[in-house]
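Undergrad: Convert by adding 47 to the 1-based position in the sequence shown; the result is the number in my numbering.
Below is a structure I'd like to ask you about.
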Amino acid sequence: MTPHHSFIKRHIRTLLLLSLCTLFIGIQSCKKKRSELATIFYKKTPNKVFKKLDPEQFATVFQAVIDSEQSKLKYPDAIKNFYDSHDYEPVFLLANFKNNELNTLVDYYDKANDQGLDSNMFQPQQVRALVAKFYNKKAIKTVDEAYHDMAELELMTANSLIKYSSAIQYGIVNPKNIYQRYFTVTKEADSTTIDQALNTTDLKKYLDSIQNKDPQFIALQKAYTSNTIIPGTSAEESKRIFLVNLERLRWKNKPTESKYVIVNIPDFHLDVMDGGKSILGMEVCVGKGRNSDYRKSLVSYDDTDKVDKPVHETPLLNSLIYEAEVNPVWNIPESIANKEIITQAAKDPYYLSNKNITVMKNGRKVDDVESIDWSSADKSEYSFQQQPGADNSLGKVKFLFKNKSSVYLHDTPAQLPFAQSMRAVSHGCVRLQKPQDFAHALFGDGPKYDLIAKDMASEKPDPTEIALRPKMPVYITYVTCWADSTGTLQYRKDVYGQDIILYANLTKALGASIK
48 MTPHHSFIKR HIRTLLLLSL CTLFIGIQSC KKKRSELATI FYKKTPNKVF KKLDPEQFAT
108 VFQAVIDSEQ SKLKYPDAIK NFYDSHDYEP VFLLANFKNN ELNTLVDYYD KANDQGLDSN
168 MFQPQQVRAL VAKFYNKKAI KTVDEAYHDM AELELMTANS LIKYSSAIQY GIVNPKNIYQ
228 RYFTVTKEAD STTIDQALNT TDLKKYLDSI QNKDPQFIAL QKAYTSNTII PGTSAEESKR
288 IFLVNLERLR WKNKPTESKY VIVNIPDFHL DVMDGGKSIL GMEVCVGKGR NSDYRKSLVS
348 YDDTDKVDKP VHETPLLNSL IYEAEVNPVW NIPESIANKE IITQAAKDPY YLSNKNITVM
408 KNGRKVDDVE SIDWSSADKS EYSFQQQPGA DNSLGKVKFL FKNKSSVYLH DTPAQLPFAQ
468 SMRAVSHGCV RLQKPQDFAH ALFGDGPKYD LIAKDMASEK PDPTEIALRP KMPVYITYVT
528 CWADSTGTLQ YRKDVYGQDI ILYANLTKAL GASIK
């Protein structure tokens with residue numbers, strides 16, 4: 048035998064040994080899986096049927112059950128992908144059935160009503176009934192029935208836990224789906240949420256970890272469960288007010304920065320927050336609301352109020368303030384020009400010059416605006432700019448941040464509304480009661496703020512753009528009920544009817560249980 052043939056022979060022998068080892072390990076692994084699956088269920092039930100469990104046969108049944116029940120699942124694709132990556136093992140049952148943790152799961156479902164949810168969403172009765180069937184050693188009579196019931200229980204508990212986890216951490220209603228002018232970054236449940244839920248080996252610890260620990264949430268939950276009545280409202284209206292604001296607190300759209308600006312529309316108020324405390328607060332005016340007369344409430348509305356139909360409302364958003372423009376030029380929006388500016392100019396030929404408004408036609412300034420008959424003029428040919436000065440609608444300064452609605456925070460010469468309780472009066476921008484104080488809170492002491500103060504006081508105003516570094520986060524929100532720093536509940540009426548829209552969608556999602 049040549050050395051070459053000897054080498055080939057040894058190589059073949061080695062390959063055969065490796066193959067036999069691999070086969071042996073595979074058989075042992077399969078036996079281990081079979082032993083684990085059978086042992087856990089037999090020891091806990093005890094039903095001799097479970098001694099015959101085979102992981103591969105279960106996987107076939109489980110895959111078929113998932114395929115047939117996809118329409119019932121909260122996140123069907125994510126659930127299917129999860130179990131496909133786990134060879135269709137009953138991952139959740141293997142981790143939690145042996146420790147009786149499924150009863151713990153149902154106990155948490157039962158308490159969901161205390162958070163303004165409906166426990167029936169998570170099928171506690173169905174889970175209890177199926178678990179009870181497993182603990183009755185004579186209820187499951189064949190191995191095929193065992194496979195099917197295990198598959199049903201795995202899928203039911205997995206799906207219900209994902210629904211519960213998603214509801215507790217992210218809410219029931221997605222605000223982006225119900226509000227037309229909602230532009231706040233809001234996190235949603237994803238595959239990571241699902242993996243964390245289904246891979247948990249300490250169910251109680253996991254369930255405790257996802258509970259809402261926000262002091263605001265706890266305060267409203269306490270008021271909701273104790274049937275607190277908000278002054279000026281009925282018991283039923285109070286209940287509904289708590290429900291919608293508990294849902295808002297579940298949304299993952301809250302500021303995470305240490306310092307930021309926040310505007311609460313129903314409160315007509317702005318705060319500059321730093322380290323959890325307000326370092327500057329002021330009244331603001333916001334966009335006109337469809338419910339400015341407060342005629343509609345959570346117990347007095349019709350079907351037409353269930354859909355968001357904004358007109359001049361200030362949008363809900365988050366962004367970054369990047370610049371202060373002192374003595375700004377106001378490029379008057381076409382809608383305002385057509386409805387208001389041209390109408391006034393038609394009544395008074397000196398209106399435009401008195402208001403320091405420049406008229407442009409085809410990109411060129413029009414000098415003799417008093418000679419134009421604005422009652423018959425072609426509106427599409429003209430654009431309008433209000434120059435800096437005492438009458439400028441933007442006042443002495445405006446603060447810019449990127450957004451899809453062309454709104455900003457700004458000063459105003461119209462001070463009367465700040466003395467009124469209902470301050471939804473603008474075309475969408477937010478008017479500031481203390482614009483110079485606001486500039487100081489943003490820029491702090493230094494040459495930039497000194498320049499702002501100097502230019503705001505100038506008798507010969509010229510536009511000046513001053514960059515803000517670092518940029519300041521700004522959140523425009525909508526909250527109608529909260530606990531103040533003393534723990535006292537505060538309530539503001541629903542000026543935009545957004546409580547009504549949210550409540551209508553909550554009742555649709557949760558059913559009659561919250562009505």
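Heads up, the beta-carbon is just placed ideally off N, CA and C, and yes, glycines get one too.
1) For R516, which three-state DSSP category applies?
2) Just the Cα atoms here: how many angstroms apart are D249 and A214?
3) In whole angstroms, give me the CA-to-CA distance for P520 and L293.
4) Helix, strand or coil for Q172, going by three-state DSSP, please let me know.
5) Assuming H359 and K335 are in contact, meaning their beta carbons sit under 8 Å apart, how far apart are those beta carbons, in whole angstroms?
6) In three-state DSSP terms, what is S285?
7) Apart from the five residues on each side of it in sequence, which residues of its chain come closer than 6 Å, Cβ to Cβ, to L254?
8) Rounding to the nearest angstrom, what Cα-Cα distance links Y226 and D541 in this structure?
9) Going by DSSP, what residue range makes up the beta strand (DSSP E) through T231?
10) What is the C-beta distance between Y455 and L463, in whole angstroms, given that I count them as a contact (C-beta under 8 Å)?
11) Considering L367, what are the terminal residues of the beta strand (DSSP E) in which it resides?
12) Give the range of the alpha helix (DSSP H) segment to which F448 is assigned.
13) How close, in whole Å, do the beta carbons of G544 and R228 come, if the pair is a contact with beta carbons under 8 Å?
14) Taking DSSP's pairing of strands, which residues face Y429 in a bridge?
15) Pull up the distance between the alpha-carbon of L536 and that of N311, whole angstroms please.
16) Taking 7 Å as the limit between beta carbons, can you name the residues of its chain near L65, skipping five residues before and five after?
17) I'd like the span of the beta strand (DSSP E) that includes L327, first residue to last.
18) How should N374 be labelled, buried or exposed, when 16 other C-beta atoms within 10 angstroms of its C-beta is the threshold for buried?
19) Indicate whether T527 and I288 have their beta-carbon atoms separated by less than 9 Å.
20) Using a Cβ-Cβ cut-off of 7 Å (strictly less than) and excluding sequence neighbours within five positions of K180, which residues of its own chain qualify?
21) In the DSSP assignment, what residue or residues form a beta bridge with Q537?
22) Taking Cβ to Cβ, would you say V96 is nearer than 9 Å to E192?
23) Could you pull the DSSP bridge partners for K301 from this structure?
24) Distance check for T275 and S285, CA to CA, integer angstroms please.
25) To the nearest whole angstrom, what separates the beta carbons of K412 and M503, a pair I think is in contact under 8 Å?
26) For V346 and L549, what's the separation of their Cα atoms in angstroms?
27) Does the Cβ-Cβ distance between L317 and V477 come in under 9 Å?
28) Find the nearest neighbour of D321 within the set F315, V331, P380, T303, judged by alpha-carbon distance.
29) Report yes or no: do three or more beta-carbon pairs, one from the region 238 to 245 and one from the region 115 to 132, lie closer than 8 Å?
30) Kindly give me the distance between the Cβ atoms of I277 and Y538, rounded to whole angstroms, as I take these residues to be in contact under 8 Å.
31) Alpha helix (DSSP H) containing A159: first to last residue?
32) Could you check how far apart the C-beta atoms of V153 and P171 are, in whole angstroms? I think they sit under 8 Å.
33) Go ahead and label K210 buried or exposed: buried means 16 or more other beta carbons lie within 10 angstroms of its beta carbon, across all protein chains shown.
34) Using a Cβ distance threshold of 8 Å, determine whether the region 480 to 498 contacts the region 351 to 367, with at least three qualifying pairs required.
35) Can you tell me whether I326 is buried or exposed, with buried defined as 16 or more other CB within 10 angstroms of its CB?
36) Evaluate T231 with the Cβ neighbour count: other Cβ atoms within 10 Å of its Cβ, from every protein chain shown; 16 or more gives buried, anything less gives exposed.
TA: The relevant details are as follows:
1) Position 469 of the sequence shown, counted from the start, is the residue given in the question as residue 516. Strand at R516.
2) As a first step, residue 249 must be located in the sequence shown, where it is residue number 202. As a first step, residue 214 must be located in the sequence shown, where it is residue number 167. Between D249 and A214, the C-alpha separation is close to 20 Å.
3) The residue labelled residue 520 in the question sits at position 473 within the sequence shown. The residue labelled residue 293 in the question sits at position 246 within the sequence shown. Cα-Cα distance, rounded: 24 Å.
4) Taking the first residue of the sequence shown as 1, we reach residue 172 at position 125. Correct three-state label for Q172: helix.
5) The residue given as residue 359 occupies position 312 in the sequence shown. The residue given as residue 335 occupies position 288 in the sequence shown. The Cβ separation is near 4 Å, so the contact holds.
6) In the sequence shown, residue 285 corresponds to position 238, counting from 1. Three-state result, S285: helix.
7) Taking the sequence shown and counting its residues from 1, one reaches residue 254 at position 207. Only Y155 meet the Cβ criterion.
8) By 1-based counting over the sequence shown, the position of residue 226 is 179. By 1-based counting over the sequence shown, the position of residue 541 is 494. Approximately 14 Å, taken between the alpha carbons.
9) As a position in the sequence shown, residue 231 is number 184, starting the count at 1. Per DSSP, T231 belongs to no beta strand (DSSP E) and is neither H nor E.
10) What you label residue 455 is simply residue 408 of the sequence shown in a count that begins at 1. What you label residue 463 is simply residue 416 of the sequence shown in a count that begins at 1. With a Cβ gap of about 21 Å, Y455 and L463 do not count as contacting.
11) Working through the sequence shown from its first residue, we reach residue 367 at position 320. Unbroken beta strand (DSSP E) run through L367: 363 to 373.
12) Sequence index remark: in the sequence shown, residue 448 carries index 401 (1-based). Per DSSP, F448 belongs to no alpha helix (DSSP H); it is in the beta strand (DSSP E), 444 to 448.
13) Translated into positions along the sequence shown, residue 544 becomes position 497. Translated into positions along the sequence shown, residue 228 becomes position 181. About 13 Å; that fails the 8 Å criterion.
14) Sequence index remark: in the sequence shown, residue 429 carries index 382 (1-based). BP columns for Y429 point to K408.
15) Residue mapping note: residue 536 aligns to position 489 of the sequence shown, counting from 1. Residue mapping note: residue 311 aligns to position 264 of the sequence shown, counting from 1. Cα to Cα, the separation comes out at about 15 Å.
16) To locate residue 65, count along the sequence shown from 1; it is residue 18. Any reading at L65 must be qualified, since the residue scores a pLDDT of 47, below 50, and its modelled position is unreliable; no value is offered.
17) Along the sequence shown, one-based indexing puts residue 327 at 280. DSSP places L327 inside the beta strand (DSSP E), whose first and last residues are 324 to 334.
18) Sequence index remark: in the sequence shown, residue 374 carries index 327 (1-based). Buried: at least 16 other Cβ atoms inside 10 Å.
19) Within the sequence shown, residue 527 is the residue found at index 480, counting from 1. Within the sequence shown, residue 288 is the residue found at index 241, counting from 1. Result yes, Cβ atoms of T527 and I288 sit closer than 9 Å.
20) By one-based count along the sequence shown, residue 180 stands at place 133. Hits under 7 Å: A186, I187, D196.
21) Indexing the sequence shown from 1 puts residue 537 at position 490. Paired residues: W529.
22) Taking the sequence shown and counting its residues from 1, one reaches residue 96 at position 49. Taking the sequence shown and counting its residues from 1, one reaches residue 192 at position 145. Remark: C-beta atoms of V96 and E192 approach each other more closely than 9 Å.
23) Your numbering for residue 301 matches position 254 in the sequence shown. None; K301 has no bridge partner.
24) The sequence position of residue 285 within the sequence shown is 238, counting from 1. The sequence position of residue 275 within the sequence shown is 228, counting from 1. Distance between the alpha carbons of S285 and T275: 7 Å.
25) As a working mapping, residue 412 is identified with position 365 in the sequence shown. As a working mapping, residue 503 is identified with position 456 in the sequence shown. Going by Cβ atoms, the distance from K412 to M503 rounds to 26 Å, so no, they are not a contact pair.
26) Within the sequence shown, numbered from 1, the residue matching residue 346 stands at position 299. Within the sequence shown, numbered from 1, the residue matching residue 549 stands at position 502. Between V346 and L549, the C-alpha separation is close to 13 Å.
27) Sequence index remark: in the sequence shown, residue 317 carries index 270 (1-based). Sequence index remark: in the sequence shown, residue 477 carries index 430 (1-based). Against a cut-off of 9 Å, the Cβ pair of V477 and L317 comes out as a contact.
28) Locating residue 321 in the sequence shown gives position 274, where the first residue counts as 1. Comparing Cα positions, the closest option is T303.
29) yes
30) Within the sequence shown, numbered from 1, the residue matching residue 277 stands at position 230. Within the sequence shown, numbered from 1, the residue matching residue 538 stands at position 491. Between Y538 and I277 the Cβ distance is about 5 Å, and since that is below 8 Å, they are a contact.
31) Within the sequence shown, the letter at position 112 stands for residue 159. Counting along the chain, A159 falls outside any alpha helix (DSSP H), and DSSP gives it neither H nor E.
32) For the purposes of this step, residue 153 is taken as the residue at position 106 of the sequence shown. For the purposes of this step, residue 171 is taken as the residue at position 124 of the sequence shown. Between P171 and V153 the Cβ distance is about 5 Å, and since that is below 8 Å, they are a contact.
33) Walking along the sequence shown from the start, residue 210 turns up at place 163. That one is buried.
34) no
35) If you number the sequence shown from 1, residue 326 lands on position 279. Exposed: under 16 other Cβ atoms inside 10 Å.
36) Taking the sequence shown and counting its residues from 1, one reaches residue 231 at position 184. T231 sits buried, since 16 or more C-beta atoms from the chains shown fall within 10 Å of its C-beta.
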